[in-house]
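Undergrad: Structure incoming, see below.
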């Protein structure tokens, strides 16, 4: 996380070394640290209210993405007719594919939207447990690419709040915890944009990826709320479950920064996954995913990760100017520490 020294200290102090290589606990924290860096960039949601002071959080009430609907959903698949492996019926899969195709079309030409993200992670390695809680709210503009977001993070009891801005001119951060402004060195901007997932920059493309797994989806509707939900209906450990999980982990665990052998060690143990759409417009409203995976930061020593992720869309095609305060434009440039530098910082630290 750039511009937040709290997490740099956390990453270093919790990363003991063993025989010249980071141990499982240290690697786990480093990759949670990598995920924090990614989410400063990738998640966003409702914009600050008009007239809001620079860096001030938007305290307007928002829909709770975890609030359950009291209306009993209507499942359009017949459990007795499900295929082997827990996949949906042919009719249910076809309906899911139709809904996903409609959503792709609806989002293909959008100019912007609001996004709200909630992430909870519990990572267990041996006797050590690390907990990450994160919420992110902001607005995305796609043409040209721009965003403003507020990220609240709690990693093992250490809290941080950062307001970040991405514009065609640069990437700026206001650390409300340390009362500091910074801006990313221009050489780093292309890397930042590469970390953006299609959930943020191209929802239609992300839906096209998900649609490939429609054979494992069923359709549920709440008759009176105008929403349709497409639900992953597999056994939670099939190849589709792994593909869906790996796409999420790219953003939530920083898998793009992992060594290949670590990435290859990820094993999906369970998955619950659903997408809810506005029945009238076809726009996606919410993605929910909860699952368990194991990952080996050291060969033969798996860490267990439980993750709950909720992404809520709203304000499709709403315009919201992303304006960086003067303090941000005048802030010093920073370059994030490389993985090699982080390794050097953790070399020789005593075990916790």
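In my numbering, the protein residues as written are 414 to 765. Yeah, the Cβ is synthetic: ideal placement off N, Cα and C, and Gly gets one too. Since the structure is predicted, the reported quantities are computational estimates derived from the model, not experimental observations.
Would you kindly check if the distance between the Cβ of residue 734 and the Cβ of residue 585 is under 8 Å?
TA: no
Undergrad: Measure the CB-CB distance between residue 741 and residue 578 and report whether it falls below 8 Å.
TA: yes
Undergrad: Less than 8 Å separating the beta-carbons of residue 702 and residue 681?
TA: no
Undergrad: Taking DSSP's pairing of strands, which residues face residue 525 in a bridge?
TA: 554
Undergrad: Do you know whose CA, among 730, 716, 694, 714, lies nearest residue 512's CA?
TA: For the residues 730, 716, 694, 714, the minimum Cα distance to residue 512 belongs to 694.
Undergrad: Between the Cα of residue 576 and the Cα atoms of 569, 510, 590, which residue gives the shortest distance?
TA: Comparing Cα positions, the closest option is 590.
Undergrad: What is the DSSP secondary structure of residue 749, counted as helix, strand or coil?
TA: In this structure, DSSP gives residue 749 a state outside helix and strand, which the three-state scheme calls coil.
Undergrad: On the three-state DSSP scale, how would you describe residue 640?
TA: strand
Undergrad: Let me check understanding here. Comparing Cα to Cα, which of 613, 573, 649, 643 lies closest to residue 554?
TA: 613
Undergrad: Between the beta-carbon of residue 633 and the beta-carbon of residue 691, is there less than 8 Å?
TA: no
Undergrad: Count the other CB atoms, across all protein chains shown, that sit within 10 Å of the CB of residue 652; report buried if there are 16 or more and exposed otherwise.
TA: exposed
Undergrad: Roughly how many angstroms lie between the CA atoms of residue 636 and residue 621, to the nearest whole one?
TA: 26 Å
Undergrad: Residue 601 and residue 748: beta carbons closer than 8 Å?
TA: yes
Undergrad: Using alpha carbons as the reference points, say which of 552, 569, 521 lies closest to residue 724.
TA: 552
Undergrad: So for residue 739, helix, strand or coil by DSSP?
TA: helix
Undergrad: Using alpha carbons as the reference points, say which of 559, 678, 688, 595 lies closest to residue 746.
TA: Restricting attention to 559, 678, 688, 595, the CA atom closest to the CA of residue 746 is found in 595.
Undergrad: Is the CB-CB distance between residue 506 and residue 628 below 8 Å?
TA: yes
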